[in-house]
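A.B. asks: After the structure tokens below, expect a handful of questions from me.
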Amino acid sequence: MCLNGIEAHHPHVASICVCHEGWVGRHCDRRSMAYTTTALPATAGFPLGWVLAPIFLILAFVAIFLIVCWRRRRSGRFSRLVEVELINL
57 MCLNGIEAHH
67 PHVASICVCH
77 EGWVGRHCDR
87 RSMAYTTTAL
97 PATAGFPLGW
107 VLAPIFLILA
117 FVAIFLIVCW
127 RRRRSGRFSR
137 LVEVELINL
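Note that the working numbering has the sequence shown beginning at 57, numbered continuously upward.
Here you go:
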């Protein structure tokens with residue numbers, strides 16, 4: 057079926073659906089669909105935000121973790137904790 061203007065036949069090749077007339081709601085009527093086969097990327101029609109958002113979220117957490125560790129190290133609190141742990145051993 058032709059949804060959102062793209063119908064995938066193969067993961068790396070998709071067909072762009074062009075509806076000339078005969079719209080039924082948001083979908084094309086089957087008799088009036090014309091297909092133009094085009095080589096499209098595998099993510100065609102897939103929202104890029106679903107891919108990029110988790111990556112940026114992970115990078116943000118890593119950055120916050122590194123900043124917190126760097127500040128603790130500079131303030132000396134981190135090194136004092138290590139010294140206390142070594143003494144307790």
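We put the CB at the ideal spot given by N, CA and C, even for glycine. As the structure is a computational prediction, the values presented were derived from the model and not from experiment.
Going straight from the alpha carbon of F121 to that of I111, what length do you get?
C.D. replies: Using only the alpha carbons, I get a separation of about 16 Å.
A.B. asks: If we ignore side chains and look at the alpha-carbon of each, how far apart do I123 and A109 end up?
C.D. replies: 21 Å
A.B. asks: Could you check the C-alpha separation between G105 and L113 for me, to the nearest Å?
C.D. replies: The straight-line gap from Cα to Cα measures roughly 12 Å.
A.B. asks: Short of 8 Å in beta carbon distance, which residues of its chain neighbour R127, apart from the five on each side in sequence? Order them along the chain.
C.D. replies: none
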